[in-house]
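Data block below; observations after.
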Amino acid sequence: MNNTYDVIIIGGGATGAGIARDCSLRGIKALLLERSDISTGATGRNHGLLHSGARYAVTDHESAVECIRENKKKKKIAAHCVEETDGLFISLPEDGLEYQSVFVEACRRAGIRADVIDPKEALRLEPSANPALVGAVRVPDGVVDPFRLTSSNILDARMHGAEIRTYTEVMELLREQDRIIGVRAYDHHKHCDEKFYARVVVNAGGIWGHGIAAKAGITVNMLPAKGALLIFGHRVNNLVLNRCRKPADADILVPGDTISLIGTTSSKVPYDQIDNMIITPDEVDLLLREGQKLAPQLATTRILRAYAGVRPLVASDDDPSGRTVSRGIVLLDHATRDGMEGFITITGGKLMTYRLMAEWATDLICKKIGNNEKCRTAETPLPGSTESREEVDRKMRSKPVVQRRSSISRHGDLAVKIDSRTSIQNSLVCECEEVSIGEVEYALENLEVNNLVDLRRRTRVGMGTCQGELCACRAAGLMGHRNPVCARKAKEDLVSFLNERWKGMAPIAWGDTLRESEYMTWVYESVCGLSDEENRAAK
Amino acid sequence: MRFDTVIIGGGLAGMACGIRLAQAGQRCAIVSQGQSAIHFSSGSFDLLGRLPGGEAVSDPVAGMAALAECCPSHPYAVIGAENCARYAQEAPGLLREAGIRVAGDCRRNHFRITPMGKAKATWLSIDGYLTTPQVGEFPFKSVCIVNIEGFLDFYPEFIAEELRKYNIECRFGSFNHPDLEQIRRNPSEMRSANIARVFDHDANLEALAEALRQQATGCDALILPALIGINRNDSLEYLRERVGLPIYLLPTLPPSIPGIRAQQALQHRFRALGGEYFLGDSVLSSEIEQGRVARIFTANHGNIPFEARRFVLATGSFFSKGLVATFDRIVEPVFGADTVSRPSRSEWYTLHFFDRHEYQAFGVRTDNRLRVVKEGAVLENLYAVGAGLAGFHPVQEGCGAGVSLLSALHVAEQILKD
Chain A
3 MNNTYDVIII
13 GGGATGAGIA
23 RDCSLRGIKA
33 LLLERSDIST
43 GATGRNHGLL
53 HSGARYAVTD
63 HESAVECIRE
73 NKKKKKIAAH
83 CVEETDGLFI
93 SLPEDGLEYQ
103 SVFVEACRRA
113 GIRADVIDPK
123 EALRLEPSAN
133 PALVGAVRVP
143 DGVVDPFRLT
153 SSNILDARMH
163 GAEIRTYTEV
173 MELLREQDRI
183 IGVRAYDHHK
193 HCDEKFYARV
203 VVNAGGIWGH
213 GIAAKAGITV
223 NMLPAKGALL
233 IFGHRVNNLV
243 LNRCRKPADA
253 DILVPGDTIS
263 LIGTTSSKVP
273 YDQIDNMIIT
283 PDEVDLLLRE
293 GQKLAPQLAT
303 TRILRAYAGV
313 RPLVASDDDP
323 SGRTVSRGIV
333 LLDHATRDGM
343 EGFITITGGK
353 LMTYRLMAEW
363 ATDLICKKIG
373 NNEKCRTAET
383 PLPGSTESRE
393 EVDRKMRSKP
403 VVQRRSSISR
413 HGDLAVKIDS
423 RTSIQNSLVC
433 ECEEVSIGEV
443 EYALENLEVN
453 NLVDLRRRTR
463 VGMGTCQGEL
473 CACRAAGLMG
483 HRNPVCARKA
493 KEDLVSFLNE
503 RWKGMAPIAW
513 GDTLRESEYM
523 TWVYESVCGL
533 SDEENRAAK
Chain B
88 MRFDTVIIGG
98 GLAGMACGIR
108 LAQAGQRCAI
118 VSQGQSAIHF
128 SSGSFDLLGR
138 LPGGEAVSDP
148 VAGMAALAEC
158 CPSHPYAVIG
168 AENCARYAQE
178 APGLLREAGI
188 RVAGDCRRNH
198 FRITPMGKAK
208 ATWLSIDGYL
218 TTPQVGEFPF
228 KSVCIVNIEG
238 FLDFYPEFIA
248 EELRKYNIEC
258 RFGSFNHPDL
268 EQIRRNPSEM
278 RSANIARVFD
288 HDANLEALAE
298 ALRQQATGCD
308 ALILPALIGI
318 NRNDSLEYLR
328 ERVGLPIYLL
338 PTLPPSIPGI
348 RAQQALQHRF
358 RALGGEYFLG
368 DSVLSSEIEQ
378 GRVARIFTAN
388 HGNIPFEARR
398 FVLATGSFFS
408 KGLVATFDRI
418 VEPVFGADTV
428 SRPSRSEWYT
438 LHFFDRHEYQ
448 AFGVRTDNRL
458 RVVKEGAVLE
468 NLYAVGAGLA
478 GFHPVQEGCG
488 AGVSLLSALH
498 VAEQILKD
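Going line by line, the protein sequences match chains A and B.
Numbering-wise, our numbering comes out as the position in the first sequence, counting from 1, plus 2.
Numbering-wise, our numbering comes out as the position in the second sequence, counting from 1, plus 87.
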């Protein structure tokens, strides 16, 4: 039967995508179900920091060790998703220098290179850093693009036979006595239920995993912790900036592509609010105030957008009060824990350790289904990272230089697949992020794009300074042009995209952001005559 | 430099005010930073499409009278219903005298068709643009919608999707030309103004006519993106004649060719009437003496002041930087005038993009003669016009152009009466 698999993975974040890839590389027939698009949960809503582990060195040795190991592996297998920037842990006068020696010692114990450098040297390396700094330690922190990373895992999983179904939401875990035998899922595009069967069902739903486990009558005590971040309109720093003190709110500034990110706050939220993240003015104030201590120029840098993710912290099984939480990886075999066969939960952890989480989960799946293949994800490069940037660049010499650079950074060696034979294909849809028509077409054809927000995650269309001012409309036009039957859907989609962007802009809508918003209102509501009446009616 | 009146801002409101004053013989100057909201014009001028509660307006004059009752702080209410009706009769003449060929009736809205094919109620539309007397009453049964190949700011499929709801048969056509290939060499150049310049050449216009004639066979009419005639007036008539079919234009995403043309026409008219137009200049500071603006200083003129008996603030709202939102308040940057706004940022907007957001109605505080208030006191000789006024939602109410034109005429009349 074609709805039967070895394993069903619930959740299209980095972990789920990693498991799908690991399984398919080991010859396990996998189906991944995601209720929305890939990377829409915590995976796409964090710093994008390629931790060296230094941040955890003092407080959580085990996590620090995992981080530095995965850090080194990612630089090899996901080179096109990673930027090796290095990071600085700076001590400000108010922090003092006592923590620095504790910190350096802890890093060394965890196997993390940590070089104490002179404050002058630190400012030479990172001119945006607060000039008042009294000490600095250089560590191998970096930047990782979680969208690219997840998308690449998905691509590879599919190339090796996995089936990926986005916009398909698991409604029920199908049970036969003490065994989960499959799931009933709702297809949000076809508007129908479908049943899928497998020997093992993996709950990789992040914070939503709490609700998924509950469908099997199983309690996984998760504590939703909201973390808010701000994105700045240009790249302020080149090295990751951290405060050299006990980890606290808003003390990491991460560069990424054309922007910088400050984060995060940390606050507990009720479970029923996890789909409804609103950034408060207090959070914005805190992020700005603390951010300026790392890099004073943030005070005058334009903020593009605010957003929040929810970390899946898991309370220890032996502490019902939920006070003892682990940031480490939590793998639960519900057969041994709850007497429910065929069902496992993988959670906790972080983006940094997604591959290790996938390895652990897949090892357990293998044990359950009697597969003896070894994990290969630690050394097999992801699609996009099989050739060096220089090599890819040479193959693409005929393309305009900035576009070539942008598309290679987004797609790695797969950039050669972007059709650029005609001048029309080379025309830009999005000027801020240098996205060409050819790249949009490539994404539409190969990267499972269902709507404009999906497209943004694959290509960065609408992510730049203008936040989709005109490029959203252009991309909608291209999608409508490819499939004229769906012109109405493309228009509704544009409305959803604008609503989605506005949610991130509203918390910080003053100055130029408010200018752009007013302009967008004129263009879309007045000139184009769009309204969300149709979308509201549809709901 | 001494003038009767100095107007700060060269958008629709500033221009209209300047033209009216210059017509009356005033020595008038306009200081303009260059870009204004006209650059994203739709090819039409809206007077009033909806009341603040959302009710559709079919007779704008009646609608303005209703507004005067229900919304006393709306600029139309401040100007007064009778005055509004009078200015609404006058305004089309002002535009036509400037060479902007508009048609429409302030007692009855018609509908403009947007680049997405939607119908929006409007007052005056420029000749050649597709309009309908009622929603869905198109002047054709079948139409060929032609785009320029590689032009991304116009959406034939979206337009067809709307037109088909009214049983209009839609076909698509496209046009390409070697001169367009030149533009495409630079990947970000396929934008409206660059393409429009290509069609200012006779030979290219002729090639377009030829292609249109072939593609439109069997259709009643053609729809084109508004990409023709940026520097000449006869392009559309020429095409219509050569093709032998009605041709209708639809606006594109910005920059808007009808907007650029309207801007040029108004500027030309103002200068022809003896007005002095300082383009690319901006006001840096002002001096206020005894409750009156005495002089202003600009970036390009250093310590040479602009002096005048009266000043008009026509600097627009946020987009044109006539209003600036800081972290916690709304500032009018030229004179530091008082503004009408809400104290808490969370009251400025809702979380839904298409909602009516309060910030859109923020603006400069004025008295009932549209004189600007600073620190609680009226500045005797400083008037405000246009988008920077408070108390209205230009987009939701479909009254942006109307408020600009009517407030400009009203202030001109105040100045001339004094």
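Glycine included, each C-beta is placed from N, C-alpha and C at the ideal position.
What you are looking at is a predicted structure, and each value in this text was computed from that prediction instead of being measured.
From the beta-carbon of R458/A, no residue of chain B is found nearer than 9 Å; the closest lies around 15 Å away. Counting only runs of 3+ residues, the beta strand (DSSP E) found wholly inside the region 318–367 of chain B occupies 334–337 and 363–366, in chain order. By the 16-neighbour rule on beta-carbons within 10 angstroms, I21/A is buried. According to the DSSP assignment, D189/A belongs to the beta strand (DSSP E) that extends over R181 to D189. For K461/B, the enclosing beta strand (DSSP E) covers residues R458 to K461. Counting only runs that start and end inside the region 110–186 of chain A, the beta strand (DSSP E) elements of at least 3 residues fall at 117–119, 137–141, 144–146, 165–167 and 170–178.
What I426/A touches in chain B, judged by beta-carbon distance under 7 Å, is E236, G237 and R271, going in chain order. Among the residues of chain A, those whose CB is under 7 Å from the CB of P274/B are P402, Q405, N428, S429, L430 and S438, following chain order. Taking a cut-off of 8 Å on C-beta distances, the region 137–147 of chain A does not touch the region 161–174 of chain A, as fewer than three cross pairs fall below it. Under the DSSP assignment, A395/B falls outside any alpha helix (DSSP H), being part of the beta strand (DSSP E) whose first and last residues are F393 to L400. Using beta-carbon distances, P202/B counts as an interface residue toward chain A, with a partner under 9 Å. Secondary structure note for N374/A: it is in no alpha helix (DSSP H), with a DSSP letter that is neither H nor E. Among the residues of chain B, those whose CB is under 7 Å from the CB of E527/A are F441 and V482, following chain order. The region 261–328 of chain A is shown to contain whole beta strand (DSSP E) runs of 3 or more residues at 261–265 and 305–317, in chain order. Spatial neighbours of R358/B in its own chain (CB-CB distance under 7 Å, excluding positions within 5 residues in sequence) are listed in chain order as Y364.
One thing to note: R304/A has its Cβ within 9 Å of the Cβ of T467/A. Annotation: L336/B has no Cβ neighbours in chain A at a cutoff of 8 Å; minimum Cβ distance is about 14 Å. In the DSSP assignment, G105/B falls within the unbroken alpha helix (DSSP H) covering L99 to Q110. Membership of I117/B in any alpha helix (DSSP H) is not indicated; the residue belongs instead to the beta strand (DSSP E) covering C115 to S119. Only residues of its own chain outside the window of five on either side were considered, and among them A66, C69, I70, A112 and I114 have a CB closer than 6 Å to the CB of G55/A, listed in chain order. Under the three-pair Cβ rule at 8 Å, the region 271–279 of chain A counts as touching the region 220–228 of chain A.
Here the region 256–268 of chain B does not lie against the region 321–331 of chain B, with fewer than 3 beta-carbon pairs under 8 Å apart.
Of T218/B, A247/B, G463/B and S433/B, the smallest CA-CA separation from I510/A is found for S433/B.
A direct Cα-Cα distance of roughly 15 Å separates H162/A from G386/A. Neighbours of E244/B in chain A, taken as residues whose beta carbon is under 7 Å from its own, are G482, H483, P486 and A489 in chain order. The DSSP-derived three-state label of D335/A is strand. Of all residues in the region 412–424 of chain B, only A412, T413 and F414 come within less than 7 Å of chain A when Cβ atoms are compared, listed by chain position. DSSP places R379/B within a strand segment (E or B) once states are collapsed to three. In the structure shown, the three-state DSSP call for D534/A is coil.
With the criterion set as a beta carbon lying under 8 Å from some beta carbon of chain B, the members of the region 491–507 of chain A are A492, K493, V497, L500, N501, R503, W504 and K505, in sequence order.
Within the region 259–329 of chain B, complete beta strand (DSSP E) segments of at least 3 residues are found at 308–312, given in chain order.
Within the region 155–173 of chain B, no residue places its CB atom closer than 7 Å to a CB of chain A. Annotated three-state conformation of R432/B is helix, per DSSP. The beta strand (DSSP E) runs of length 3 or more contained entirely in the region 425–490 of chain A are, from start to end of the chain, 430–432. Between A381/B and S128/B a beta carbon distance of about 35 Å is seen, past the 8 Å cut, so the two are scored as non-contacting. Taking the C-beta atoms as reference points, P202/B is found nearer than 9 Å to L340/B.
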